[in-house]
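Every letter in the sequence shown is one number past the one before it in full-length UniProt numbering, and letter 64, counting from 1, is 64.
Ideal Cβ placement from N, Cα and C applies to all residues, glycine included.
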Amino acid sequence: MKKLLLAGKVILGAGLIIIFLNSCKNETKQEDPKEVAEDANEAKFDSIDSKEDDSEFLVDQAEINLAEIEIGKLAQTKSTNAEVKSFGKMLVDEHTKSASEVSALAKTKNFTLPTSLTEDGQEEYNKLNEKTGVDFDKKFADMMIDGHEKAIDKLKKASENAKDADIRLWASNNIAGLTAHLEHAKMLKQNLDKK
């Protein structure tokens, strides 16, 4: 009987040690800033679907601005092409202004926004950062075309479908600026493709 009791204690002790060691291995993974913001908005506006849709639009805009700012900074430091560097500076300037506007608008609507680069944004940044020279410049131009096309589409939808008049107006007012960025990115790509 004593041997059985002792064996039980040894097994229990070994089990506890294994559980403890496994818990040490599982470092807490930081949640994506976009998901944190969306969860906070869902909790606030669970019963008001129109606010939830509008909050998702502003969360997307904040995510876009954060990514464009970081990619613009990367272009300024990593590219050797003057056009790419100039485009990168313009991105930082314009999207910093846009981020400020989105933040102010979100604040008046009591929406939560991501405040740091999201997982998707970081992934895109890392893909670009792996490139060098002309490959970097071409990847940058491709990303700018693709990203601005998607952003313009979101702005157009929000300018027509957002429930909040202020959000519709902001989206409508920003389509022209992003369209100019898209055209600039397309010209940049044409010039780079000649090299």
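From K189 to S159, what distance separates their C-alpha atoms?
The residue given as residue 189 occupies position 189 in the sequence shown. The residue given as residue 159 occupies position 159 in the sequence shown. The straight-line gap from Cα to Cα measures roughly 29 Å.
Taking Cβ to Cβ, would you say D137 is nearer than 7 Å to N81?
By 1-based counting over the sequence shown, the position of residue 137 is 137. By 1-based counting over the sequence shown, the position of residue 81 is 81. Yes, Cβ-Cβ distance for D137 and N81 is below 7 Å.
For A62, the three-state DSSP class (helix, strand or coil)
The sequence position of residue 62 within the sequence shown is 62, counting from 1. Note: A62 maps to helix in three-state DSSP.
Can you tell me whether K194 is helix, strand or coil according to DSSP?
Walking along the sequence shown from the start, residue 194 turns up at place 194. Note: K194 maps to coil in three-state DSSP.
Let me make sure I understand the geometry here. Which of A180, L66, D142 and A106 has the alpha-carbon closest to that of D166?
Residue mapping note: residue 166 aligns to position 166 of the sequence shown, counting from 1. Comparing Cα positions, the closest option is A106.
My output table needs one value for F111: the three-state DSSP class, helix, strand or coil.
Locating residue 111 in the sequence shown gives position 111, counting from the first residue. DSSP places F111 in coil when its eight states are reduced to three.
Could you give the C-beta distance for M143 and L155, rounded to a whole number, given that I count them as a contact under 8 Å?
Your numbering for residue 143 matches position 143 in the sequence shown. Your numbering for residue 155 matches position 155 in the sequence shown. Not really, about 18 Å apart at Cβ, beyond 8 Å.
Check whether L113 and A62 have beta carbons under 7 Å apart:
Translated into the one-based positions of the sequence shown, residue 113 becomes position 113. Translated into the one-based positions of the sequence shown, residue 62 becomes position 62. In this structure, A62 lies closer than 7 Å to L113 by Cβ.
If you draw a straight line from the alpha carbon of N191 to that of H184, how long is it in whole angstroms?
As a first step, residue 191 is located in the sequence shown; it is residue number 191 there, counting from the start. As a first step, residue 184 is located in the sequence shown; it is residue number 184 there, counting from the start. C-alpha separation (whole angstroms): 11 Å.
If you draw a straight line from the C-alpha of D135 to the C-alpha of H148, how long is it?
Taking the first residue of the sequence shown as 1, we reach residue 135 at position 135. Taking the first residue of the sequence shown as 1, we reach residue 148 at position 148. Between D135 and H148, the C-alpha separation is close to 20 Å.
Hey, how far is the Cα of S47 from the Cα of E35?
Along the sequence shown, read from residue 1 onward, the residue named residue 47 stands at position 47. Along the sequence shown, read from residue 1 onward, the residue named residue 35 stands at position 35. Note that S47 scores a pLDDT of 47, beneath 50, so its modelled location is shaky; the value from the coordinates is reported in the next line. Their Cα atoms are separated by approximately 19 Å.
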